[in-house]
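My numbering runs 431 ahead of the 1-based position in the sequence shown. Glycine included, C-beta positions come from ideal geometry on N, C-alpha and C. Predicted model, so just to flag it, every value in this text is computed and none were measured. Right, one structure below, let's go through it.
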Amino acid sequence: MSKDEYSMEQDSKNTIGLGHCDGISNMNNTDALDPSVVGSVTDIPRQFSLLSVFAIGYSICTAPSALILSLGVIIGSGGQTTLIWGQVLIYLVSLCMALCLAELSSAYPSAGGQYYWAAVLAPKRWSKASAFVVGHLSWASAVCACASMLVSLAEMVTAMYAVRHGGITLPAWVNFVIYQAINLIMFIFNCREDILPALSRFWLAVSLAASFICFVSMLARAPVKQSGSFIFTGFTNLTGWPDGISFLTGLLGVNWGFSCLDAVTHMAEEIPDPRKNIPRALIGTVIVNAVLSWPMAIAVLCCIQDIEGVFNSSIGLSSLSLFVQIFEGSTAGPIMLQCMLFLGGLGAVFGIQTWQSRLAWSMARDDGLIFAKYTKRIAPAPYKTPFWSHVYSTIFVALLGCLYLGSSLAFNAFSGSLIQLQYVCYSFCIVCLLARGRDSIPHGPFWLGRLGYICNIIAVLWTLFALVFYSFPPYKDVTPSTMNYTSVVLVAFLALAIVFFLVVGRKKFKSPTE
Numbered sequence: 432m433s434k435d436e437y438s439m440e441q442d443s444k445n446t447i448g449l450g451h452c453d454g455i456s457n458m459n460n461t462d463a464l465d466p467s468v469v470g471s472v473t474d475i476p477r478q479f480s481l482l483s484v485f486a487i488g489y490s491i492c493t494a495p496s497a498l499i500l501s502l503g504v505i506i507g508s509g510g511q512t513t514l515i516w517g518q519v520l521i522y523l524v525s526l527c528m529a530l531c532l533a534e535l536s537s538a539y540p541s542a543g544g545q546y547y548w549a550a551v552l553a554p555k556r557w558s559k560a561s562a563f564v565v566g567h568l569s570w571a572s573a574v575c576a577c578a579s580m581l582v583s584l585a586e587m588v589t590a591m592y593a594v595r596h597g598g599i600t601l602p603a604w605v606n607f608v609i610y611q612a613i614n615l616i617m618f619i620f621n622c623r624e625d626i627l628p629a630l631s632r633f634w635l636a637v638s639l640a641a642s643f644i645c646f647v648s649m650l651a652r653a654p655v656k657q658s659g660s661f662i663f664t665g666f667t668n669l670t671g672w673p674d675g676i677s678f679l680t681g682l683l684g685v686n687w688g689f690s691c692l693d694a695v696t697h698m699a700e701e702i703p704d705p706r707k708n709i710p711r712a713l714i715g716t717v718i719v720n721a722v723l724s725w726p727m728a729i730a731v732l733c734c735i736q737d738i739e740g741v742f743n744s745s746i747g748l749s750s751l752s753l754f755v756q757i758f759e760g761s762t763a764g765p766i767m768l769q770c771m772l773f774l775g776g777l778g779a780v781f782g783i784q785t786w787q788s789r790l791a792w793s794m795a796r797d798d799g800l801i802f803a804k805y806t807k808r809i810a811p812a813p814y815k816t817p818f819w820s821h822v823y824s825t826i827f828v829a830l831l832g833c834l835y836l837g838s839s840l841a842f843n844a845f846s847g848s849l850i851q852l853q854y855v856c857y858s859f860c861i862v863c864l865l866a867r868g869r870d871s872i873p874h875g876p877f878w879l880g881r882l883g884y885i886c887n888i889i890a891v892l893w894t895l896f897a898l899v900f901y902s903f904p905p906y907k908d909v910t911p912s913t914m915n916y917t918s919v920v921l922v923a924f925l926a927l928a929i930v931f932f933l934v935v936g937r938k939k940f941k942s943p944t945e
């Protein structure tokens, strides 16, 4: 059998039983009948372009803005070195992660992403359990990402109010109401498939504009510009940890802007030629964010007036403290810049909701969710979206908001676990690929050969690093309120997913390879 015939045969085998969908789509015939596209028999039209899918990926990451919003984590944990040179490290690692995901999405394009890859790459004996557990951990990471962004947006609103009204502190329930209101509004925006591509491009423009306006305004208004030696060779450690550990734990703040990379892979069934376009969107997301984020880091360090003032912000929001310093106590300018970051954050929530609903829907098609009878359905025209999966995910995000109202410490532990959850799911698929043999699977148009092997190794090693150092408390002198509980949450999520499989999934769940 020739290599091409082998690849075609494997592709055909790997698409048997995928999706368990209810109808034939109104897509063009080429997409609808292409057996190489996992889940190509679907009711969702392929209305997304490469730009629209890239827009979702960029808007979720929006690294230049995320850098400013994460300043409170970064500035005391290595400060200048972490912002400038730690970013370079994160760029390279994130590019390796994106290349690994790009290879898999080119070989197996599916709305399930790592959920499906776990099923086809894991040993046959563990395929069903692996897909179920990885799918739920991936979906949990998306829900945590959405909740984390919503809390950030709520805190922006209350911090801006405090700055404008003489430091008045609003009660926690105000943040809760803002959280739920934004969650509901973005839910509504995600209900119609025909407007999603245009909305994703709109939020891309908003995110880019927000970063540009902040960049120019800071440089134009800063009363004192810092020296080149301060920017490129300075180091600030306010954590109590040794400098090395302080730097490594500070990388978490930079990493926020390069998390959620798999989001675009879950759009594979809504874009033409996903074998080529999903890898392009993935790699483009990392490269564009990297190119725009480094100048932003330089601008922030050039314009910052008091590092300790930002780190120990009386406002409670490091980005707004930075802007107040730059505008020398004026409130109008800082609030305007913070509003720009707020608008960019809305785009991130929009993209995350699109992502989490597709991932939930892909599992529901295989009876991997509770209420799968409903969550697997595609809403009729004019909506044409996985509406009930969208409802399902949004409800869980809302419930996490209730946790924030009860205990912000517990909420932070959940939301802080998202990067580790994602990396664990990525690396599980990568390890299965390496154990199986990279040449044992049908290659897609995007395949890196030996370079891909190097990227695989780097991705797995970085996951091990993240599991250790991203679990460190932010300060050496640990108290119950400053302890980092993300490792506890990670283990809890894993245990719950396994128990759920043993109790429910083992009987009802149909593996996507069955």
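Taking the straight line between their C-alpha atoms, what separation do you get for residue i and residue j?
i    : j    : result
G597 : S752 : 14 Å
F827 : P654 : 45 Å
T936 : Y546 : The residue asked about is misnamed: residue 936 is Gly in this sequence, not Thr. Cα to Cα, the separation comes out at about 14 Å.
L421 : Y805 : Only positions 432 to 945 of the chain appear in this structure, which leaves residue 421 out of reach.
D465 : A730 : With a pLDDT of 48 at D465, under the threshold of 50, the modelled position of this residue cannot be trusted; read the value that follows with caution. Whole-angstrom Cα-Cα distance: 48 Å.
I447 : K941 : Any reading at I447 needs caution, since the residue's pLDDT is 30, under 50, leaving its predicted position unreliable; the model's value is listed next. Their Cα atoms are separated by approximately 12 Å.
V524 : S902 : 18 Å
C622 : F818 : 7 Å
A549 : F646 : 41 Å
D674 : T680 : 10 Å
A928 : P476 : 31 Å
W516 : E700 : 38 Å
N459 : L514 : Residue confidence is low: N459 scores 37 on pLDDT, short of 50, so the model does not pin down where it sits. Its coordinate-derived value is still stated next. Using only the alpha carbons, I get a separation of about 47 Å.
M587 : S749 : 10 Å
C527 : F661 : 30 Å
G832 : F607 : 6 Å
V919 : N843 : 12 Å
F633 : L502 : 26 Å
V722 : F802 : 43 Å
G848 : V484 : The question names Gly, but residue 848 in the sequence shown is Ser. Taking the straight line from one Cα to the other gives about 25 Å.
A576 : S846 : 6 Å
I718 : V899 : 27 Å
Using the three-state DSSP reduction, which class does residue i fall into: helix, strand or coil?
i    : result
N621 : coil
S480 : coil
S508 : strand
T493 : coil
N843 : helix
T670 : coil
G665 : coil
F877 : coil
S541 : coil
S660 : helix
V909 : coil
A812 : coil
G883 : helix
G799 : coil
P705 : helix
S942 : coil
S838 : coil
N686 : helix
With a threshold of 16 other CB atoms inside 10 Å of the CB of residue i, please say whether the residue is buried or exposed.
i    : result
K939 : exposed
G533 : Note that residue 533 is Ala in the sequence shown, not Gly. Buried is the call here.
G509 : buried
F666 : exposed
I505 : buried
G659 : exposed
E739 : exposed
R983 : Only positions 432 to 945 of the chain appear in the structure, and residue 983 is not among them; the question remains open.
D737 : exposed
E759 : exposed
P943 : buried
L639 : buried
K656 : exposed
For this session: Taking 8 Å as the threshold, find out whether the segment 850-863 comes into contact with the segment 688-695 through three or more Cβ pairs.
Result: With a cut-off of 8 Å, the segment 688-695 and the segment 850-863 count as touching, because enough Cβ pairs lie within range.
Problem set entry | Uninterrupted alpha helix (DSSP H) stretches inside the segment 552-603 (no shorter than 4 residues) | Here the runs fully enclosed are 558-595.
Exercise. Would you call the segment 759-777 and the segment 584-597 touching, i.e. three or more CB-CB distances under 8 Å?
Worked result: Three or more Cβ pairs closer than 8 Å define a contact, and the segment 759-777 meets that threshold against the segment 584-597.
Exercise. When the Cβ atoms of the segment 696-716 are set against those of the segment 865-883, are three or more pairs found closer than 8 Å?
Worked result: By the Cβ test, the segment 696-716 is in contact with the segment 865-883, since at least three Cβ pairs between them sit closer than 8 Å.
For this session: Count the C-beta pairs between the segment 901-918 and the segment 536-553 that are closer than 8 Å, then say yes if the count reaches three, no if not.
Result: These segments do not touch.
Exercise. Does the segment 606-615 come close enough to the segment 574-594 to have 3 or more Cβ pairs within less than 8 Å?
Worked result: Taking 8 Å as the limit for Cβ pairs, the verdict is that the segment 574-594 does touch the segment 606-615.
Problem set entry | Uninterrupted beta strand (DSSP E) stretches inside the segment 717-769 (no shorter than 3 residues) | None, since the segment 717-769 contains no complete beta strand (DSSP E) of that length.
For this session: Determine contact between the segment 732-752 and the segment 558-573, defined as no fewer than three beta-carbon pairs at a distance below 8 Å.
Result: Because the criterion of three Cβ pairs below 8 Å is not met, the segment 732-752 and the segment 558-573 do not touch.
Problem set entry | Whole runs of the beta strand (DSSP E) within the segment 622-656, excluding any shorter than 3 residues | Runs of the beta strand (DSSP E) inside the segment 622-656: none found.
Exercise. For the segment 480-488 against the segment 769-776, are there 3 or more C-beta pairs whose distance is under 8 Å?
Worked result: The segment 480-488 vs the segment 769-776: no contact.
Exercise. Do the segment 783-800 and the segment 809-823 touch if we need at least three Cβ pairs shorter than 8 Å?
Worked result: Taking 8 Å as the limit for Cβ pairs, the verdict is that the segment 809-823 does touch the segment 783-800.
Problem set entry | Stretch pair the segment 800-814 + the segment 623-634: three plus CB contacts closer than 8 Å | Yes, they touch.
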